[in-house]
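Participant: Following this message is one structure expressed as structure tokens.
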Amino acid sequence: MSDTATAHQASGAAAPRRSPTALPRSFVWTRRIVLTLLAVFTATPLYVMVSSSLKPLEEVSGTFRWIPAELTLEPYRDIWRTVPLGRYFLNSLIVSASATACSVVVAVFAAYAVSRYRFRGRQVFTVTVLSTQMFPGILFLLPLFLLFVNVGNATGLALYGSRGALILTYMTFTLPLSIWMLAGYFASIPRDLDEAALVDGCGPLGALFRVLIPAAVPGIIAVTVYSFMTAWGEVLFASVMTNDATRTLSIGLQGYATRTEVYWNQVMAASLVVSVPVVAGFLLLQRYLVAGLTAGAVK
Numbered sequence: 041m042s043d044t045a046t047a048h049q050a051s052g053a054a055a056p057r058r059s060p061t062a063l064p065r066s067f068v069w070t071r072r073i074v075l076t077l078l079a080v081f082t083a084t085p086l087y088v089m090v091s092s093s094l095k096p097l098e099e100v101s102g103t104f105r106w107i108p109a110e111l112t113l114e115p116y117r118d119i120w121r122t123v124p125l126g127r128y129f130l131n132s133l134i135v136s137a138s139a140t141a142c143s144v145v146v147a148v149f150a151a152y153a154v155s156r157y158r159f160r161g162r163q164v165f166t167v168t169v170l171s172t173q174m175f176p177g178i179l180f181l182l183p184l185f186l187l188f189v190n191v192g193n194a195t196g197l198a199l200y201g202s203r204g205a206l207i208l209t210y211m212t213f214t215l216p217l218s219i220w221m222l223a224g225y226f227a228s229i230p231r232d233l234d235e236a237a238l239v240d241g242c243g244p245l246g247a248l249f250r251v252l253i254p255a256a257v258p259g260i261i262a263v264t265v266y267s268f269m270t271a272w273g274e275v276l277f278a279s280v281m282t283n284d285a286t287r288t289l290s291i292g293l294q295g296y297a298t299r300t301e302v303y304w305n306q307v308m309a310a311s312l313v314v315s316v317p318v319v320a321g322f323l324l325l326q327r328y329l330v331a332g333l334t335a336g337a338v339k
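According to my numbering, the residues represented by the sequence shown are 41 to 339, in order.
So this is what it looks like as structure tokens:
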């Protein structure tokens, strides 16, 4: 018997009853232990990355030590000299931002049409858009490569290896899910709002820009973050569709490995630096992202 219950009995007062909804103590402790283990498991790679980025190359290439014997910031300085990281950074920024902007604009109009109008082929279109997410990206790699090469040979446009080709490539897998997410979000917005706008004299585009888009800001932000993060970290298509001038960060990080040596401390430092824009954007827009991903599912 607990001391609290004994004290209540000694004083003649009734022992406080546990709420019917209170969780058993064993479950609470089990939950704490499991969550702590998951947090440690998740944070360990990040700690290894940060600590390795602050070690000299001689130390990081030898036996791993949890506590660095020497700390240095030289890897963060050398990452800009070993490879043209600034150019890779600019390429990734241009390609990811352009692919995201194009995907969001097209997805807004497509989602508006799917969620508000009934037209022939609507069901086929939505199923086709969703089915593209079921196939691995490797299936589209060779067809897109041949398509860009043949179109370039026929028209004289240098598509292969260009940023424009990479932007179109990224749109093939960011656009379908963006349409699907925004269509669900638009469907959760009452039709009375845009019908009232139509009655007040707005056209379909006026109702879209003045009513639906302001009401769907969390969903649009969620799609924007998803598209940018997907394009920013993409490796497979960037490894084939780029050349030395248009190489992105995900491929440029391979430049820290030579035939004889791998600059592990610079690889870790560069990985942290290139993650800053994505992490900062995610933290800044986190509440919009969660709202945008869940609103369409619960309404």
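We put the CB at the ideal spot given by N, CA and C, even for glycine.
Give the secondary structure of residue 223 by DSSP, where H, G and I count as helix, E and B as strand, and everything else as coil.
Facilitator: Walking along the sequence shown from the start, residue 223 turns up at place 183. In this structure, residue 223 counts as helix in the three-state DSSP scheme.
Participant: If we ignore side chains and look at the alpha-carbon of each, how far apart do residue 178 and residue 276 end up?
Facilitator: Here residue 178 refers to the residue found at position 138 when the sequence shown is read from its first residue. Here residue 276 refers to the residue found at position 236 when the sequence shown is read from its first residue. Between residue 178 and residue 276, the C-alpha separation is close to 8 Å.
Participant: Which of the three DSSP states, helix, strand or coil, is assigned to residue 302?
Facilitator: As a working note, residue 302 is residue 262 in the sequence shown. Of the three classes helix, strand and coil, the one that applies to residue 302 here is strand, per DSSP.
Participant: Helix, strand or coil: how does DSSP classify residue 42 here?
Facilitator: What you label residue 42 is simply residue 2 of the sequence shown in a count that begins at 1. For residue 42, the predicted structure reports a pLDDT of 47, less than 50, and the residue's modelled location is therefore unreliable. A value from the coordinates is still provided. Note: residue 42 maps to coil in three-state DSSP.
Participant: Can you tell which of 175, 268, 317, 278 has the C-alpha that lies nearest to the C-alpha of residue 142?
Facilitator: Position 102 of the sequence shown holds residue 142. Selected option, being the one with the closest Cα: 268.
Participant: For residue 246, name the three-state secondary structure that DSSP assigns.
Facilitator: Against the sequence shown, residue 246 aligns to sequence position 206. Looking at residue 246 - three-state DSSP - the assignment turns out to be helix.
Participant: Suppose contacts are defined by Cβ-Cβ distances below 8 Å. Is residue 155 in contact with residue 286 by that definition?
Facilitator: In the sequence shown, residue 155 corresponds to position 115, counting from 1. In the sequence shown, residue 286 corresponds to position 246, counting from 1. In this structure, residue 286 does not lie closer than 8 Å to residue 155 by Cβ.
Participant: Could you spell out the range, first to last residue, of the alpha helix (DSSP H) harbouring residue 107?
Facilitator: On the sequence shown, residue 107 is found 67 positions in, with the first residue counted as 1. Residue 107 -> no alpha helix (DSSP H), and no H or E assigned at all.
Participant: Rounding to the nearest angstrom, what Cα-Cα distance links residue 206 and residue 131 in this structure?
Facilitator: On the sequence shown, position 166 is the one that residue 206 refers to. On the sequence shown, position 91 is the one that residue 131 refers to. So the alpha carbons of these two residues sit roughly 10 Å apart.
Participant: Tell me which residues share the same chain as residue 172 and place their Cβ nearer than 7 Å to its Cβ, disregarding the 5 neighbours each side in the sequence.
Facilitator: Numbered from its first residue, the sequence shown carries residue 172 at position 132. Answer for residue 172: 216, listed in chain order.
Participant: By the three-class DSSP mapping on this structure, what secondary structure does residue 62 have?
Facilitator: Stepping through the sequence shown from its first residue, residue 62 is reached at position 22. Three-state result, residue 62: coil.
Participant: For residue 106 and residue 124, what's the separation of their Cα atoms in angstroms?
Facilitator: For the purposes of this step, residue 106 is identified with residue 66 of the sequence shown, where counting begins at 1. For the purposes of this step, residue 124 is identified with residue 84 of the sequence shown, where counting begins at 1. Their Cα atoms are separated by approximately 31 Å.
Participant: Mind pulling the alpha helix (DSSP H) runs of 4 or more residues that sit fully within the segment 97-168?
Facilitator: Entirely contained in the segment 97-168, the alpha helix (DSSP H) runs reaching 4 residues are, in chain order, 97-101, 114-122, 125-156.
Participant: Does DSSP put residue 209 in a helix, a strand or coil?
Facilitator: Counting from one through the sequence shown, the residue named residue 209 turns up at place 169. Looking at residue 209 - three-state DSSP - the assignment turns out to be helix.
Participant: Per DSSP, what kind of secondary structure is residue 201 in: helix, strand or coil?
Facilitator: Counting from 1 along the sequence shown, the entry for residue 201 is found at position 161. Three-state result, residue 201: strand.
Participant: Whole angstroms are fine: how far does the CA of residue 77 sit from the CA of residue 71?
Facilitator: Within the sequence shown, the letter at position 31 stands for residue 71. Within the sequence shown, the letter at position 37 stands for residue 77. Spanning the two alpha carbons is a distance of roughly 10 Å.
Participant: Classify residue 234: buried if its beta carbon has 16 or more other beta carbons within 10 angstroms, exposed otherwise.
Facilitator: For the purposes of this step, residue 234 is taken as the residue at position 194 of the sequence shown. Buried is the call here.
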